[in-house]
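Just so we're aligned, residue 1 is where the sequence shown starts under the numbering used here, counting upward by one. Cβ atoms here follow ideal geometry from the backbone N, Cα and C, with glycine treated the same way.
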Amino acid sequence: MSRNPYDYERVYSAGEMDPYSHQPSVPAPPRYGSNRPAYLQPGEMRRMKILKCPDNSFTYSNTLAVSSSDFDSRTRFARINDQFIFNIVPVPSLESSQIGPTRIQREWGQFSINKEVLVEALSDSVADTGFNIYLGRMDVEISFLTPSHERVLSVDSEEIADLLKNGFENQMFSIGQPFVFDFHGNNIKGIVTGLASVPLDVLQDVKPGSGAAGAQDGESASFGILTSVTTMTISKSASSLIELKGASVSLKANAILQPDFRFEDLGIGGLDKEFSSIFRRAFASRIFPPDLVDKLGIQHAKGILLYGPPGTGKTLMARQIGKMLNAVEPLIVSGPEILNKFVGQSEENVRKLFEPAEKEYRERGDASQLHIIIFDELDAICKQRGSRSDSTGVGDTVVNQLLAKMDGVDQLNNILIIGMTNRKELIDDALLRPGRLEVHIEVGLPDEDGRLQILNIHTAKIRTNNILDTDVNLEELASLTKNYSGAEIAGVVKSASSYAFYRHIKVGSVAELTQDVSDMKIQRQDFMNALDEVKPAFGIASEEFEQCATNGIIMFAQHISELLDTAHLFVEQVQQSKRSPLVSLLLHGPSGSGKTALASKIAQESGYPFVRLISPENLIGLPENQRIAAVTKAFTDSYKSPLSLIVIDNIERLLEWVPIGARFSNSMLQTLLVLIKKQPPRGRRLLIIGTTGEREVLTQMDMTSAFSNEMYVRDISTLDAVLKVAQSVHLFNEQIEYDRLYDDLSKCLDGQTFTIGIKKLLLLIETARQDPNKHARLVSEIRAYC
């Protein structure tokens, strides 16, 4: 049981056991009586009354005024309430059992005037029992004594260290102890922030003036005696305007991060690599003392640009960066909010964002706090200058104003701009150079580990409250959500929850719940349904490809399986080879030979997370510039996925080629030529499959040379192939009918060669299926066609 220093009412008799220390108690002296008690001996305790300090000089000497009736000159230290240790000076102006701490000492110990405290006499030997009490190192944080007197003051840390050692040598200091000293007429307050004690014999081996080299790495201590060879490190308060220079400046890290910050509290998954890059490039230099950074002659990074697909966590990351930093509350501005219809008001809005940082930087210089301005939808106000079609020029002047504030004549070193966009190519180049938004971080689609982190975050409460069924495997869901963004994964969890809710609603009612609602669980099937409902924006366009191959792929001839096997080699090449991140394949052949169906089959079986179809059907009615923009966007989106496949169907139709007059779109041609040959960004892989029925035309346009591989898709030219197609779609029920069809077609064609596209043959078979005499109808249709 620890002693209660405020238990003053009980007066113990000599030899009575103290219930706190379990030792014989020290009887209290007579209170302010005529019989003066004897001097306190080391280790003795006595209750004493707090009075005001009798002399202001004690403030600068860091000593405690005590009564000369209680202490003799040989006692150097006193401990109050078993916690606060002071150097003491006996004075006759104080009566027995009275002490006079200074104001700063009263504030530290929370001593009230006219209240009693428990005072214990200490000596070197008593305080030293079991400990090294001589300091090898002492860390001091300084600031102005009165905050209203704060001003910019350049201070040599070595001069401060020498002043403290000369003025307070042989004094006892404790962790957290404040004291006051005079520095060139300024009242400076020091606070002890760190102590390390060493044996006395170690200090005796250190020569004065050399610093306690080797001794400063002693054991951490809560109190100790300052010596002339103690190494001192000086730092300044975060709110102080003092500028420290010199070798004695503390090199401890600046507290730029919140003390209670934990990365798991951010609630962001799959962005560990991005956070590491941001911290290294934008915040690492801010952790070091300004004096050290100044020696390097560098400035801190002023801007970060977060770009990437929508829903990947750019805005969330920017907001959480503001929360994790020990800085001024971030200003969060949406790009369009800056714009104003009045002349000059948009520029004024930009200037107002920087005013707090400018004011503090003028007052405190490099000691000012970090100011963060977050621009969401940055592309709305920072488009390329000269690219706007309006005549106001407001957009250009806003960009100019922002450029001037970030890196103009009055350069600020206490500001950080965080911009976010999913259209990096629209932003003015001058804003992206070093000194402005110099740190470019792509916030891409999460990988499997990242998706697992996001799933863990969004299902945390579900798992904590035991609502997630045991058949749900988050690792399985992470593998099934390829190319899902963080927002889309959150949508999957919400959708799965809605399926679980719906199971517990009574049939025929939307307001009544079933009796077992308290046992509701989110099951694996709920997530499977959710995956069918929530599709990724950068995923597989499965519906479009299913329409392209309604009847599937019919292996009517050996060359079809050979085509697929060869195509799968290209798929594996792009996926595994490190030397060929771009492969392009051109499927050419007669119209209706099944090129589009084959391309769709290859795309669907590739297993690529991003698969897109560029078809003339989807661009009907669009002007040329919008058609080009749509094609370009498909390729740009593919670069955001690590593995992508693009099918360009019916290229001659996409080029608007017609044989009459040989007209075509040269702009679209040049766009396709560039995009097909363009290498994807580092770490990205792309397979391009094109289809055409006019290879000769593409050769004249020099487009066939853009493809790295070609494959010819032939029409059906044998009766065996016709029979296999009819059997695959189950035209007849009996094998004898297929044999009869073969015989009749042989007689009809009489050995003549023929060709028919698979697409046309399937159409003829479906027509014959509607006739009661399917056999005769199909024979006549094929004979008429051939």
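Whole angstroms is fine: what's the gap from residue i's alpha carbon to residue j's?
i	j	result
residue 582	residue 372	41 Å
residue 241	residue 490	46 Å
residue 441	residue 418	11 Å
residue 215	residue 305	At residue 215, the pLDDT of 44 sits below 50, so the modelled position is not reliable and the matter cannot be decided from this model.
residue 579	residue 616	32 Å
residue 120	residue 183	33 Å
residue 243	residue 474	53 Å
residue 501	residue 530	13 Å
residue 51	residue 112	8 Å
residue 69	residue 122	16 Å
residue 851	residue 178	Absent from the structure is residue 851, since the part of the chain shown begins at 1 and ends at 786.
residue 181	residue 143	11 Å
residue 287	residue 675	44 Å
residue 766	residue 589	24 Å
residue 62	residue 176	14 Å
residue 557	residue 499	46 Å
residue 89	residue 407	58 Å
residue 13	residue 79	In this prediction, residue 13 has a pLDDT of 40, which is less than 50 and means its spatial position is unreliable; what the coordinates show is noted afterwards. Their backbone Cα atoms lie some 23 Å apart in a straight line.
residue 26	residue 170	For residue 26, the pLDDT reaches just 44, beneath the cut-off of 50, and the residue's location in the model is therefore unreliable, leaving the point undetermined.
residue 363	residue 161	26 Å
residue 299	residue 414	10 Å
residue 67	residue 98	6 Å
Mind checking which residues open and close the alpha helix (DSSP H) that includes residue i?
i	result
residue 634	624-638
residue 275	272-278
residue 179	First-last for residue 179: 178-183, but that is the beta strand (DSSP E), not the alpha helix (DSSP H).
residue 666	666-677
Considering Cα atoms alone, identify which of the options is closest to residue i.
i	options	result
residue 493	505, 195, 523, 506	523
residue 716	677, 756, 693	756
residue 41	572, 67, 686, 72	72
residue 700	733, 666, 723, 711	666
residue 412	434, 368, 401, 397	368
residue 711	352, 152, 561	561
residue 719	754, 685, 731	754
residue 375	311, 303, 519	303
residue 134	89, 222, 74, 344	222
residue 611	483, 191, 344, 694	483
residue 47	114, 106, 60	114
residue 233	294, 159, 293	159
residue 446	219, 314, 321	314
residue 354	527, 155, 330	330
Taking 6 Å as the limit between beta carbons, can you name the residues of its chain near residue i, skipping five residues before and five after?
i	result
residue 777	768, 771
residue 783	748
residue 698	692, 704
residue 647	599, 603, 613, 689
residue 165	228
residue 381	335, 338, 398
Between which two residues does the beta strand (DSSP E) containing residue i stretch?
i	result
residue 641	Per DSSP, residue 641 belongs to no beta strand (DSSP E) and is neither H nor E.
residue 79	77-80
residue 87	84-91
residue 484	Residue 484 -> no beta strand (DSSP E), and no H or E assigned at all.
residue 303	303-307
residue 373	371-376
Let me know the secondary structure DSSP gives residue i once reduced to three states.
i	result
residue 162	helix
residue 344	coil
residue 730	coil
residue 136	strand
residue 686	strand
residue 792	This structure cannot settle anything about residue 792, because the visible part of the chain is limited to 1 through 786.
residue 596	helix
residue 288	coil
residue 339	coil
residue 68	coil
residue 804	Residue numbering for the chain in the displayed model covers 1 to 786; residue 804 lies beyond these limits and cannot be assessed.
residue 186	strand
residue 328	coil
In chain order, what residues of the same chain have a beta carbon less than 7 Å from the beta carbon of residue i, not counting five sequence neighbours either side?
i	result
residue 277	441
residue 570	583, 585, 687, 709
residue 761	716, 722, 725
residue 497	522
Going by beta carbon distance, what residues of the same chain come within less than 8 Å of residue i, once the five residues before and after it are set aside?
i	result
residue 650	596, 615, 616, 691, 692, 693
residue 785	756, 760, 764
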